[in-house]
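So the number in my numbering is just where the residue sits in the sequence shown, counting from 1, plus 5. All C-beta atoms, glycine included, are put in the ideal place defined by N, C-alpha and C. This report refers to the structure that appears directly beneath it.
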Amino acid sequence: MSAPVRVHRRSLLLGAAALPMIGAEAPRRTTASAPPPGPMDSILLKDYEPDSSLVVPEHHVPKARVPAIDVHSHDYVKTPEEIRAWVRRMDEVGVEVSVILSGWGDTTGARFDRLVDLFLKPYPTRFQLYCGLDTTGFEKPDYPERAVAELVRCYENGARGVGELVDKGSGLSGQQDLLPPEKRLHPDDPRLDAFWQKCAELQLPVNLHIADHPSSWQPPDIHQERLPAYQRWNQHGRPSPSYEELLVIRDRLLAKHPNTVFVACHLSNQGNDLASLGQALDRFPNLYLDTSARDYELGRQPRTAAKFLTRYKDRVLFGTDLPIGQKSMYESWWRLFETADEYMPGPNWWRHYGLELPDAVLESLYRANARRIMNWETLSL
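Put into structure tokens, the structure is as follows:
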């Protein structure tokens, strides 16, 4: 296994030549400890892939210890043949059900109906389908009634949840970047009260993507925590609410609609601060989390994360949010949750460490919580 070694920051910078990747100039070192010029000075930081001499145990985990429900996936595949291959892969890795979320919450109308034909009708016990929120003409007086009517229609045609509804600051429509901030539709907007109430009446959980990783509000400079590949979602300098303001919007929504179940995906984008996230769970019993695309948060704080998942074992659901083609994607999750392996590779520059969760926590995380909060009377699990 090729893996980066642990090195000092001065070695990572590799002189001024390491910084053109992010458009910044390296500060000159004037102390006696500065390394002398050498053959590595021309290496760019983005090209630096050192081999590791570390030798530690590695465990291959081909199948989940407990049959899993992946509550956060998307319609990555588009044909019946690809869907059949996905089901075979699910069998291979131990995923009994995958939840198909809408891309940005816009899966309503004919698009939702097409997904019913592709996923739900051929495989009613292997997939569950969420619908979106129709934001067409949300500025018009009759919008609340229209949004509720489409929700009911989707429910009658098989939807068993709503989402992924995304608000990174631009509101709940992908087109709202074009709108001034005061005209955007955020989740706590009164025009959505009837929609959230209907979700509660129909027992439809809502998968909500609120804010984003906090580093997205930091400038893409030498102090930016996440790699350049993540900067397409960077909010710094954009006319949008701050990270903290978006969490306040989340809290207002949860308080206003206590009977509606909200699953805040990506650990509610607070995986960097599990203590604060725990306080939100303590405050709002209708708040749940999914783990999707935040393996890099859990894996870099294994002891803290294991304690968190144990304490809140009834509030966190397993989700991936990653393309389903490679078996290794699922296996990396099982290895993270089930083993004590160290120094595992991940999508960012830091390494992961296994959480070695007990069976009772795995059972809750992998499927029991999903079975409890989701309206899946059609499933014979």
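Using 10 angstroms around the beta-carbon of residue i, count the other beta-carbons present and answer buried if the total reaches 16, otherwise exposed.
{"i": "Val60", "result": "exposed"}
{"i": "Asn239", "result": "buried"}
{"i": "Gly242", "result": "exposed"}
{"i": "Arg119", "result": "exposed"}
{"i": "Asp147", "result": "exposed"}
{"i": "His271", "result": "buried"}
{"i": "Ser337", "result": "buried"}
{"i": "His228", "result": "exposed"}
{"i": "Arg377", "result": "exposed"}
{"i": "Leu49", "result": "exposed"}
So for residue i, helix, strand or coil by DSSP?
{"i": "Cys204", "result": "helix"}
{"i": "Gln284", "result": "helix"}
{"i": "Cys159", "result": "helix"}
{"i": "Ala39", "result": "coil"}
{"i": "Arg196", "result": "helix"}
{"i": "Ile378", "result": "helix"}
{"i": "Ala152", "result": "helix"}
{"i": "Phe323", "result": "coil"}
{"i": "Phe143", "result": "coil"}
{"i": "Asn353", "result": "coil"}
{"i": "Glu101", "result": "strand"}
{"i": "Asn264", "result": "coil"}
{"i": "Gln388", "result": "Since the first residue shown for the chain is 6 and the last is 386, residue 388 is missing from the structure and cannot be characterised."}
Ignore the nearest five residues each way along the sequence and tell me which others in residue i's own chain have a CB closer than 8 angstroms to its CB.
{"i": "Phe143", "result": "Ala152, Ser178, Leu190 and Arg196"}
{"i": "Asp256", "result": "Ala285, Arg288 and Phe289"}
{"i": "Arg131", "result": "Val92, Met95, Glu101, Val102 and Ser103"}
{"i": "Asp346", "result": "Val61, Pro62, Glu63, His64, Arg340, Tyr358 and Gly359"}
{"i": "Asn291", "result": "Leu259, His262, Pro263, Asn264, Thr265, Val266 and Phe267"}
{"i": "Leu362", "result": "Ala311, Leu314, Thr315, Phe342, Glu343 and Leu370"}
Spatial neighbours of residue i within its chain, please: CB distance less than 6 angstroms, with the 5 preceding and 5 following residues excluded, ordered by chain position.
{"i": "Tyr160", "result": "Leu207"}
{"i": "Leu209", "result": "Gly166 and Val167"}
{"i": "Asp300", "result": "Leu341"}
{"i": "His214", "result": "Glu169, Val171 and Cys270"}
{"i": "Phe200", "result": "Ala152 and Val153"}
Which whole-angstrom value describes the C-beta separation of residue i and residue j, a residue pair presumed to lie in contact below a C-beta threshold of 8 angstroms?
{"i": "Gly283", "j": "Phe313", "result": "6 angstroms"}
{"i": "Val82", "j": "Ile88", "result": "6 angstroms"}
{"i": "Gly304", "j": "Leu251", "result": "The pair is not a contact, with the Cβ atoms about 25 angstroms apart (cut-off 8 angstroms)."}
{"i": "Gly99", "j": "Pro129", "result": "Not quite, the Cβ-Cβ distance comes to about 20 angstroms (not below 8 angstroms), so this is no contact."}
{"i": "Val366", "j": "Lys318", "result": "5 angstroms"}
{"i": "Pro186", "j": "Ser245", "result": "7 angstroms"}
{"i": "Val321", "j": "Asn380", "result": "No, Val321 and Asn380 are not in contact; Cβ-Cβ is about 19 angstroms, not under 8 angstroms."}
With a threshold of 8 angstroms (Cβ to nearest heavy atom), would residue i be considered close to the ligand PLP?
{"i": "Pro149", "result": "The model depicted lacks the ligand PLP and carries no ligand whatsoever."}
Once the 5 residues before and after residue i are set aside, which same chain residues still bring their CB inside 7 angstroms of it?
{"i": "Thr113", "result": "Cys136, Gly137, Asp139, Glu155 and Cys159"}
{"i": "Leu125", "result": "Phe132, Leu134 and Gly163"}
{"i": "His218", "result": "Arg231 and Asn274"}
{"i": "Ser297", "result": "His77, Cys270, His271, Gly324, Thr325 and Asp326"}
For the region 63 to 78 against the region 325 to 339, do three or more pairs of beta-carbon atoms, one drawn from each stretch, fall closer than 8 angstroms, so that the two count as touching?
yes
Could you say if the region 133 to 141 and the region 105 to 125 meet the contact criterion of at least three C-beta pairs nearer than 8 angstroms?
yes
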